[in-house]
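Taking it in order: structure first as structure tokens, then the write-up.
Number of protein chains: 2
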Amino acid sequence: VDCSTGLSGRCDESHRQDSVNLLTFILLLTLTILTIWLFKHRRVRFLHETGLAMIYGLLVGVILRYGIPSTIYHNKTPPSCSLKEGPVSTLLLNVSGKFFEYTLKGEINSREIHNVEQNDMLRKVTFDPEVFFNILLPPIIFHAGYSLKKRHFFRNLGSIITYAFLGTAISCFVIGNLMYGVVKLMQAVGQLTDKFYYTDCLFFGAIASATDPVTVLAIFNELHADVDLYALLFGESVLNDAVAIVLSSSIVAYQPSGTNTHTFDASAFFKSVGVFLGIFSGSFAMGAVTGVVTALISFFTKLHCFPLLETALFFLMSWSTFLLAEACSFTGVVAVLFCGITQAHYTYNNLSEESTKRTKQLFEVLHFLAENFIFSYMGLALFTFQNHIFSPIFIVGAFLAIFIGRASNIYPLSFFLNLGRRHKISGNFQHMMMFAGLRGAMAFALAIRDTATYARQMMFTTTLLIVFFTVWVFGGGTTPMLSWLHIREIWCKVVVFRVSFTLKGDNLLSHVSLQDGPQHEGGSKTKQESAWLFRLWYTFDHNYLKPILTHSGPPLTTTLPGCCGPLARCLTSPQAYENHEQLRDTDSDLILNDGDLTLTYGDTAITANGASGGHDGTRGEWGGINGKTEAAPERDSEAREHETTSRGTRLVFPVEDHA
Amino acid sequence: VDCSTGLSGRCDESHRQDSVNLLTFILLLTLTILTIWLFKHRRVRFLHETGLAMIYGLLVGVILRYGIPSTIYHNKTPPSCSLKEGPVSTLLLNVSGKFFEYTLKGEINSREIHNVEQNDMLRKVTFDPEVFFNILLPPIIFHAGYSLKKRHFFRNLGSIITYAFLGTAISCFVIGNLMYGVVKLMQAVGQLTDKFYYTDCLFFGAIASATDPVTVLAIFNELHADVDLYALLFGESVLNDAVAIVLSSSIVAYQPSGTNTHTFDASAFFKSVGVFLGIFSGSFAMGAVTGVVTALISFFTKLHCFPLLETALFFLMSWSTFLLAEACSFTGVVAVLFCGITQAHYTYNNLSEESTKRTKQLFEVLHFLAENFIFSYMGLALFTFQNHIFSPIFIVGAFLAIFIGRASNIYPLSFFLNLGRRHKISGNFQHMMMFAGLRGAMAFALAIRDTATYARQMMFTTTLLIVFFTVWVFGGGTTPMLSWLHIREIWCKVVVFRVSFTLKGDNLLSHVSLQDGPQHEGGSKTKQESAWLFRLWYTFDHNYLKPILTHSGPPLTTTLPGCCGPLARCLTSPQAYENHEQLRDTDSDLILNDGDLTLTYGDTAITANGASGGHDGTRGEWGGINGKTEAAPERDSEAREHETTSRGTRLVFPVEDHA
């Protein structure tokens, strides 16, 4: 309600109501925070904070629905007027010569007309679904991208991309077709009279394929479980959110509408694939470009003297990615994800130390609040959403379909990936990935975005139940499942990174190379290709992109061919010469976040006790190589033999082997 | 537009338009940030960042207004329908059997009907005025309160409250009456035909009395100008924002409307005063209570082990203050201000070190973004707001009125205050306070809140011009004005704080007392009274509130009378015993923010050169007493004589004297 118009009584009332609603949610979040603290304090692990937020949401939903006597509703149908034209966005109302402006809120079902005002209280606590997409999801997704700077993620990139793209597509297709069968069954037994198209089923497949193993990952982090499995799960869930969004919107484009009743055929399928690729690559490009622009701005200005300005700029540029993508009809959330990854990879290196902390903390808080808000809202929505359609057959079918869909993503793909992977994804890991297929914020946001038709309302209700079930049951069962699959009882195998140090003046120069365990020397062609592709990208990134975009990396003068000398000198920052060949330029590979570091410590302890650890007997001290790379350097006389420079040092990263 | 209804084409279009608009503002802010950096880098001081934001806003406004060809507007009057009843909040539209829901946006002027759609582009970049009050102002005001933890503020509290309450009321009344004269003049010469009530004039007085010397304060901070003057200006501007809001809303309550045409008489005046006191004290209480509740929560939980949870809770509780006050029909902004002050005074002491940084930085970023957004928007609004009414007589009258209003606030009150003050407010300080009466975000937000009538539109236009003029001219003129008034060339006088240290075990115990310079020993009764009041509050706060609400302060067992022993033991935290008599419990008085510390350093340098510094010859090293109180301890053999405990140390706080 626009309150600049003197209708202040009504306006005040509506404003007060809005305040009360928001206050309800803040109270919910406060309660959740306090209980989370209690759980963390007591080390309770059977219920994660998101599950908790849902429970509190449910409670408040029940109170709002049944606790408030219905007598306070003034049962009145609002006045209506007729027009011959279709719905217009702006309508004028002439009340005895005075004109009032009305804006279109939406179509309402004929059965709802009589309780438009009656259910006002419940409607009030229902947010515009676009709030989820435009305000709450972006910080969550950006934070996921921004905290993705993990060595293990990049090492498993091939598998992650396979699961996220191919796997999600398979899962979507499988769930869609199974649900189409369920729908046919329902129509056969007379349980479904409204329209339910094949595209609706595929749309449901896309929604239900977006996994969000936030609970599982939190527990992984606490228990110091396997790092590669963590990377696989985290990477897959981040990317498959993006894939699910784009998939669902390219399916919706072929939804039969009033005039367009042809079914989803082969040509529509290929068109959908085209739309998918267009939107995905467009959003990807947009995110990467804004990230690069931010890196360039922070590179060419001395903004790092003013952390406040730097943080504000970083925040604004990241937000503008979202808006830019939305304005160009791409997908903002996907753009924000890749913007986050780019910012972490390039801009992060240019920020002052103060700003790196500030930006991380800022997005951490935003992410935390947004996520818990969404989960609280989900709990609330089960009771306050007006158009729930509980269809037992559909719900049971959906539960079966999502398990089959997840299974046909994980098991076949793992089999094919294992043909090419050096470190096989063991059977237990596959079961764990299957188990970790929780559905969360993204599935909910996609489902609530459009609840206009009967089919969509049924899907929304079912999605909500799937989220509740998976978060509580699978989320709560993570700890026992990990023990049962023996994922915590790990044997260590050592992958050796060779780091050679050279003392040159006062600078400790270093060279890092990856050396495989001898048992993996003879790899198949696939292995070598993917390694070759990765190495090509790494070299290009390290030699050209990093020096151009950040203050780290070797100076361009040494990496560009001689003919580009003047250009190189002009683009190289003075700091690059200082950094030249220092360990700093390897931080993209070696930097370990707190989580990682803990994991490494955890593993080491086990190795030291377990004694089955690979070819590495003598263990030195753990310590930072420099301020930035907190890895575990270790001098080893064996390693020195293979090295080209003097003063060899081996970095030992224990990797688990379950074969 | 609710997009869950299948009207997706229109919805997409509107969403894209929204994204473009927000993108415009983000671009503006990005440009502003980069230019601010350039200015800071080059030490340009004639234009502050807020002035800059306004200039960029103006430029974009010109482009939007004149740069986009008007041919793209589709000139169409929206369809209208008639009803006999008054405006309803929800209207149904029946289009051939389908029902659409419309919500009331507001009344529109009959002259606007034909360009409702035409000016859609310009309307789109116009935000709902409530956005300013509910989203942008709260972080600005909270940050002001939260960063108010300054010794100098509390030392000048009496004067600040006088200027803020009495001064703002005087200013409001003077401006209101002068403007009523101007309005009468305009009516006499036939320049004003629409209604313009006396309450409208008083309302304008309230709007134009809210000062916002953000520019001046930034420059003060950079130039290390006088600390007492800084405290006076800062404190006055923070509190008078609150006063202006409450004043304006209590005046509006007596605005003659259609049925109520009686003028603003004496009874209405006293009722207004009553409403003012009610709203103000209610908001104050609400803010203080939420602050105290937050302090209690952080006191009784061990939340400080999880800085993320702590920060999130802090943020949510502070936000809930705003909503709670709005829900109870108090003023959210005022509540947030006092919540900020309470949080800084109590909760801040319970937070982990990590969280103290996080919360400060979080609110700093929010404050920065919100403030620059408002100033950009002001620039934009000059060209994109649809209903500007430029009335030369009113504008000239308003400029004269605000200067007279400010003068009748500062000079008479300073005269009376000087009768009671130990450290007189010198003539030059008074001129500077007069000069620093910029109008900013609060005046704008109050003016844009209601632009329904002709009078309000004229006021809005005038307020906008006043903000532009004062920010650019007065803001830019601060540096020359400071030099001209010789405020930077200061003589120092030393106030001696006696801190006595006792070594007890390993703990360095201390006792702080304030000792006045001998020349001030014989003060007037007023002085003693205010000192007595302040001391009473300080003792109560220090002995009872701080120990109950925070982990600092002496244990209650020592401050409460013996009979309350069990209660005291139960309420005292174990830490309090450890802290007992340590310097930590003095941090509310002694803690110096970065700004203060710089100021102190600045002053010292001057004292050392100026040589007129008081009775303190030998100067020791400056250094932190402990991690928290970065004040200047100094061992002095003279001081030891007056002390009860051994190992005396004097804290020297140079204070300027212009008498």
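Protein chains in written order, with the UniProt record's numbering: chain R, 1 to 659; chain U, 1 to 659.
Heads up, the beta-carbon is just placed ideally off N, CA and C, and yes, glycines get one too.
First through last residue of the beta strand (DSSP E) which encompasses residue i
i	result
residue 661(U)	This structure leaves residue 661(U) out entirely; chain U is present only between 1 and 659.
L83(R)	S80 to L83
Of the residues the options, the one placed nearest residue i, counting alpha carbons only
i	options	result
G420(R)	G176(R), T211(R), C305(R) and G158(R)	G158(R)
N21(U)	Y454(U), G57(U), V227(U) and S272(U)	G57(U)
E310(R)	F25(U), L148(U), L38(U) and V292(U)	L38(U)
V467(R)	M442(R), F99(R) and A452(R)	M442(R)
Q361(R)	G67(R), V131(R), I140(R) and T126(R)	I140(R)
residue 711(U)	L316(R), F46(R), T35(R) and L446(R)	Coverage of chain U is limited to positions 1 through 659, which leaves residue 711(U) absent and any answer about it impossible.
V95(R)	V252(U), V95(U), L83(U) and P412(U)	L83(U)
L382(U)	G61(U), G274(U) and L366(U)	G61(U)
G437(U)	P213(U), L323(U), W319(U) and T558(U)	P213(U)
P392(U)	I160(U), T90(U) and L192(U)	L192(U)
F394(U)	E364(U), Y454(U), E371(U) and F368(U)	Y454(U)
F363(R)	H143(R), M378(R), T90(R) and T126(R)	H143(R)
H345(U)	T290(U), Q255(U), Q386(U) and S483(U)	T290(U)
L27(U)	S320(R), E371(R), T558(R) and H486(R)	S320(R)
D226(U)	L485(U), L560(U) and Y538(U)	L485(U)
D228(R)	M433(R), I448(R) and L369(R)	M433(R)
V473(U)	P412(U), G51(U) and T539(U)	G51(U)
A164(U)	H367(U), A242(U) and F25(U)	A242(U)
T478(U)	L47(U), L23(U), K357(U) and T35(U)	L47(U)
Boundaries (first-last residue) of the alpha helix (DSSP H) holding residue i
i	result
I160(R)	L157 to I161
R358(R)	E353 to T384
K546(R)	K546 to L549
F390(R)	Segment: none, F390(R) is in no alpha helix (DSSP H) and carries neither H nor E.
Y254(U)	Where Y254(U) is concerned, there is no enclosing alpha helix (DSSP H), given that its DSSP letter is neither H nor E.
H143(U)	L137 to Y146
V44(R)	Neither: V44(R) is in no alpha helix (DSSP H) and is coded neither H nor E.
L560(R)	Segment: none, L560(R) is in no alpha helix (DSSP H) and carries neither H nor E.
is_contact[residue i, chain A] using C-beta, thresh 9 Å
i	result
L369(U)	The structure shown has no chain A; the protein chains it does contain are R and U.
Proximity test, residue i beta-carbon vs the ligand SAM heavy atom, cut-off 8 Å
i	result
A231(R)	The ligand SAM is absent from the structure shown, which contains no ligand whatsoever.
Query raised in the report: Looking at chain U, which residues of the region 281 to 307 of chain R have a Cβ within less than 9 Å of any of its Cβ atoms?
Result: I297, T301, K302, L303, C305, F306 and P307
**Report entry** Segments assigned alpha helix (DSSP H), at least 4 residues, entirely inside the region 296 to 349 of chain U
**Finding:** 307 to 327 and 332 to 342
Report task. Closer than 9 Å, Cβ to Cβ, to anything on chain R: give me those residues from the region 91 to 107 of chain U, in chain order. Result -> L91, L92, L93, N94, V95, S96, G97, K98, F99, F100, E101, Y102, T103, L104, K105, G106 and E107
Query raised in the report: How about the region 291 to 311 of chain R and the region 348 to 365 of chain R: do they share at least three Cβ pairs that are nearer than 8 Å?
Result: yes
Query - Inter-stretch contact (C-beta, 8 Å, three-pair minimum) for the region 420 to 436 of chain U and the region 185 to 205 of chain U - result: no
Query raised in the report: Would you say the region 129 to 137 of chain R touches the region 216 to 235 of chain R, given that touching needs at least three Cβ pairs under 8 Å?
Result: no
Report task. Taking a Cβ distance cut-off of 8 Å, strictly less, list which residues of the region 410 to 422 of chain R are near chain U, in chain order. Result -> none
Requested in this report: Determine which residues of the region 387 to 409 of chain U have a Cβ less than 8 Å from any Cβ of chain R, and write them out in chain order.
Outcome: none
Report task. Please specify which runs of the alpha helix (DSSP H), each continuous and at least 4 residues long, are wholly inside the region 427 to 492 of chain R, giving them in chain order. Result -> 427 to 435, 441 to 448, 454 to 469 and 478 to 484
Report task. Could I get the ranges of all uninterrupted alpha helix (DSSP H) runs contained in the region 161 to 244 of chain R, with 4 residues as the minimum, in chain order? Result -> 168 to 188, 198 to 207 and 214 to 223
Query raised in the report: Is it true that the region 329 to 340 of chain U meets the region 242 to 254 of chain U, where meeting means three or more beta-carbon pairs spaced less than 8 Å apart?
Result: yes
Query raised in the report: Between the region 456 to 475 of chain R and the region 390 to 401 of chain R, do at least 3 Cβ pairs fall closer than 8 Å?
Result: yes
Query raised in the report: Which residues, taken in chain order from the region 350 to 363 of chain R, show a beta carbon closer than 7 Å to some beta carbon of chain U?
Result: R358, Q361 and L362
Query raised in the report: Given a limit of 9 Å on CB to CB distance, which residues of the region 319 to 353 of chain U reach chain R?
Result: W319, S320, F322, L323, L324, A325, E326, A327, C328, S329 and G332
Query - Under 9 Å (Cβ pairs) to chain U, residues found in the region 23 to 46 of chain R - result: L23, I26, L27, L29, T30, I33, L34, I36, W37, L38, K40 and H41
Requested in this report: Residues of the region 208 to 223 of chain R with a CB closer than 9 Å to any CB of chain U: list them in chain order, please.
Outcome: none
**Report entry** Within 8 Å of chain R by C-beta, residues of the region 51 to 65 of chain U in sequence order
**Finding:** none
Query raised in the report: Three or more beta-carbon pairs under 8 Å between the region 229 to 242 of chain U and the region 146 to 156 of chain U, yes or no?
Result: yes
Query raised in the report: Any chance the region 174 to 193 of chain R sits against the region 274 to 284 of chain R, with 3 or more Cβ pairs inside 8 Å?
Result: no
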